[in-house]
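See structure below.
See below:
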């Protein structure tokens with residue numbers, strides 16, 4: 036397998052370690068590694084690889100994931116979280132959800148629907164995406180509406196800028212997905228809430244966390 040050390044990137048996020056006697060979080064960079072899916076497939080083709088990871092790899096290939104961005108240097112130490120993150124990033128790369136999977140790819144995700152629910156989360160952006168691909172648009176819309184409202188409530192309760200987080204990006208992805216399963220008229224209320232969120236976040240004072 037070719038070296039993946041040349042594909043190292045630094046995460047924009049931080050790992051927070053909260054001390055019991057500290058009033059703020061100490062932080063350190065998490066080093067992430069960009070690993071092509073071909074390298075992942077080569078590593079996970081070994082006989083001792085966990086079956087669920089091999090199945091998730093099949094799904095990742097079916098939805099055309101190209102790269103994993105992982106805290107693990109070697110794919111042999113991958114877990115389900117690595118696949119969930121890679122698949123969600125792929126979904127977010129086409130946020131309007133206009134593309135459809137081929138019949139073959141759809142068959143693959145249907146074969147592993149229970150595993151995908153466990154991996155992505157029963158109520159998640161990724162789960163809603165898979166529901167939409169299966170033609171369960173009403174269920175996908177309901178899930179997206181719930182996720183959007185939960186995110187809206189959480190952001191509107193913020194009293195300062197979140198430290199090294201991107202809440203507007205998260206809620207924008209949900210809004211774009213909702214736009215794929217709702218009419219422009221139905222989106223008016225969603226867009227009104229999104230505008231309120233943007234104004235609220237822009238008026239928040241900066242976080243007082245020191246690094």
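Residue numbers (my numbering): 36 to 246.
Cβ atoms here follow ideal geometry from the backbone N, Cα and C, with glycine treated the same way.
Are there 16 or more other CB atoms within 10 angstroms of the CB of residue i, so buried, or fewer, so exposed?
i	result
residue 195	exposed
residue 191	exposed
residue 238	exposed
residue 158	exposed
residue 176	buried
residue 154	buried
residue 162	buried
residue 173	exposed
residue 234	exposed
residue 119	buried
residue 248	This structure leaves residue 248 out entirely; the chain is present only between 36 and 246.
residue 138	exposed
residue 121	buried
residue 226	exposed
residue 57	With a pLDDT of 38 at residue 57, under the threshold of 50, the modelled position of this residue cannot be trusted, and the question is left open.
residue 63	Any reading at residue 63 needs caution, since the residue's pLDDT is 46, under 50, leaving its predicted position unreliable; the model's value is listed next. Classification of residue 63: exposed, given that the 10 Å Cβ count is below 16.
From which residue to which residue does the beta strand (DSSP E) around residue i run?
i	result
residue 103	102 to 105
Taking a contact to mean a Cβ-Cβ separation below 9 angstroms, would you say residue i touches residue j in this structure?
i	j	result
residue 130	residue 207	yes
residue 275	residue 76	No answer is possible for residue 275: the residues shown for the chain start at 36 and end at 246.
residue 143	residue 100	no
residue 126	residue 164	yes
residue 116	residue 65	no
residue 92	residue 79	yes
May I ask which residues mark the beginning and end of the alpha helix (DSSP H) holding residue i?
i	result
residue 123	115 to 127
residue 225	222 to 237
residue 198	Here residue 198 belongs to no alpha helix (DSSP H), and DSSP marks it neither H nor E.
residue 85	Run containing residue 85: none; DSSP gives neither H nor E here.
residue 176	172 to 191
residue 154	148 to 155
residue 99	Careful: residue 99 lies outside any alpha helix (DSSP H) and carries neither H nor E.
residue 164	160 to 168
Write down the C-beta distance between residue i and residue j rounded to the nearest angstrom, noting that I regard them as a contact closer than 8 angstroms.
i	j	result
residue 168	residue 136	5 angstroms
residue 179	residue 141	Wrong, their Cβ atoms sit about 20 angstroms apart, outside the cutoff.
residue 210	residue 229	5 angstroms
residue 232	residue 187	6 angstroms
residue 87	residue 150	6 angstroms
residue 104	residue 72	Actually they do not touch by this definition, with Cβ atoms about 11 angstroms apart.
residue 215	residue 133	6 angstroms
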